[in-house]
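The structure appears right after this line, and notes come after that.
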Amino acid sequence: MEDDMKITTNTSLLLADTPVSDIFISEYLIDAHGDYVKVYLYCLYLAKFDKEITTLDLAKKTGLQIDRVKQAIDYLTNAEIVIPTEKGIMLCDLKEKEINRLYRPKLSTTPEEAEEKLERNKKRSEVITAINNTFFQGVMNTAWYNDIATIFDKYSFDEDVVYSLFRYCYDKHALHKKYLFAVAEGWYGQGIKDLNDLDNYYQKFEKSKQIKKQICKKLGFTRNLNEYEEAYVDKWTMEFGYDLTLIELALKRTTSKSNIGFEYIDKIITDWNDKNLRTQDEIEEYSKQVKEKYSFIKQNKDTTNAYVNKEQTEYNDLDRFYM
35 MEDDMKITTN TSLLLADTPV SDIFISEYLI DAHGDYVKVY LYCLYLAKFD
85 KEITTLDLAK KTGLQIDRVK QAIDYLTNAE IVIPTEKGIM LCDLKEKEIN
135 RLYRPKLSTT PEEAEEKLER NKKRSEVITA INNTFFQGVM NTAWYNDIAT
185 IFDKYSFDED VVYSLFRYCY DKHALHKKYL FAVAEGWYGQ GIKDLNDLDN
235 YYQKFEKSKQ IKKQICKKLG FTRNLNEYEE AYVDKWTMEF GYDLTLIELA
285 LKRTTSKSNI GFEYIDKIIT DWNDKNLRTQ DEIEEYSKQV KEKYSFIKQN
335 KDTTNAYVNK EQTEYNDLDR FYM
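Just so we're aligned, residue 35 is where the sequence shown starts under my numbering, counting upward by one.
Dropping the structure here:
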């Protein structure tokens, strides 16, 4: 058998399936009388073949009285499940109807705002359809529609980012609500709004990943960094924007000292960021200033003991790094 193969099915049209929308089951089934459901299901069945049927024949097929069939049609029409036409009825696309409900323009908006929102809703509708077809084989549970609406509203992601979010979780074999929202929260925390932001984030993420490997190598670790150590490195690289050259300045100084861990290194690098030290020259100049200040304090320690003790208390914790 070849590696690439086409999957087909041998299904008789006579024994084919009639799909029922999850939205009908979750939103309409509880209120609909059983007779009305029978009529709707048979209409779904007929719609596949684009067949015409009289009210009398529909009554016979469902085992109902003609008046009961008419009541069912009236109910389905009032519920906007079907729409009357000149020749009969048209079954509504319940998925599209739900999307329109979630993104219906407010009455208070101006015509220009309404038009803009309609265009945005059209794009969102398209991406939801793409998500449904790509990751759920066209049978996405109705709860996901509300979750997607929440993601749009809460995080202000554009359509490409929302699709990428589902792609990321799908590729991780973790396409469930808890993980999806955890990733969304992380992306939101990184300021991601559009695809350009996401691309920049991925570049930073990949850079941070490579720096982590180099740090392990330089520290002689035979293990990977634990999650707390990784969080520190992500902070230095992705939040502060430091590269390995600057991080290595801190590593070189601290590896010669005993009992120095990532928490202390983080204090040093955070201090650099707070002081807006962005280059090796700036850090070395700052280090020189600290040494000179310590030297001055030691030379004048007999002048005012209280002053000296205060200065030592303020500088010993971080500035001993530069000594």
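Cβ coordinates follow ideal geometry from the N, Cα and C atoms, glycine included.
- Cβ contact annotation for Y197 (same chain, cutoff 7 Å, sequence separation greater than five): V161, A164 and I165, in chain order.
- It is roughly 16 Å from the alpha-carbon of I182 to the alpha-carbon of A208.
- Given a length threshold of 4 residues, each whole run of the alpha helix (DSSP H) inside the stretch 56 to 127 is given here in chain order: 68 to 81, 89 to 96 and 100 to 112.
- Rounded to whole angstroms, the gap between the alpha carbons of K85 and K211 is 40 Å.
- Sequence-distant partners of L125 (beyond 5 residues in either direction) whose C-beta falls short of 7 Å from its own C-beta, in its chain, are C77, L78, A81 and V116.
- For G220, the uninterrupted alpha helix (DSSP H) segment begins and ends at K211 to G223.
- In the structure shown, the three-state DSSP call for T256 is coil.
- Short of 6 Å from the beta carbon of K157, and not among the five residues preceding or following it, lie these beta carbons of its own chain, in chain order: E193.
- Counting along the chain, L283 sits inside the alpha helix (DSSP H) bounded by residues L278 to T288.
- The beta carbon of F170 sits closer than 8 Å to those of W178, all from its chain and outside the five residues before and after it, given in chain order.
- Taking C-beta atoms under 8 Å as the contact rule, I226 and V195 qualify, at a distance of about 6 Å.
- The alpha-carbon separation between E297 and N180 amounts to approximately 41 Å.
- Look at R312 here: in three-state DSSP terms it is coil, with no helix or strand label.
- A Cβ-Cβ contact shorter than 8 Å links V73 with I107.
- V54: not part of any alpha helix (DSSP H); DSSP gives it neither H nor E.
- Rounded to whole angstroms, G97 and L229 show a C-alpha spacing of 55 Å.
- Per DSSP, the unbroken alpha helix (DSSP H) holding D194 starts and ends at E193 to D205.
- T111 and Y202 have their C-alpha atoms some 40 Å from each other.
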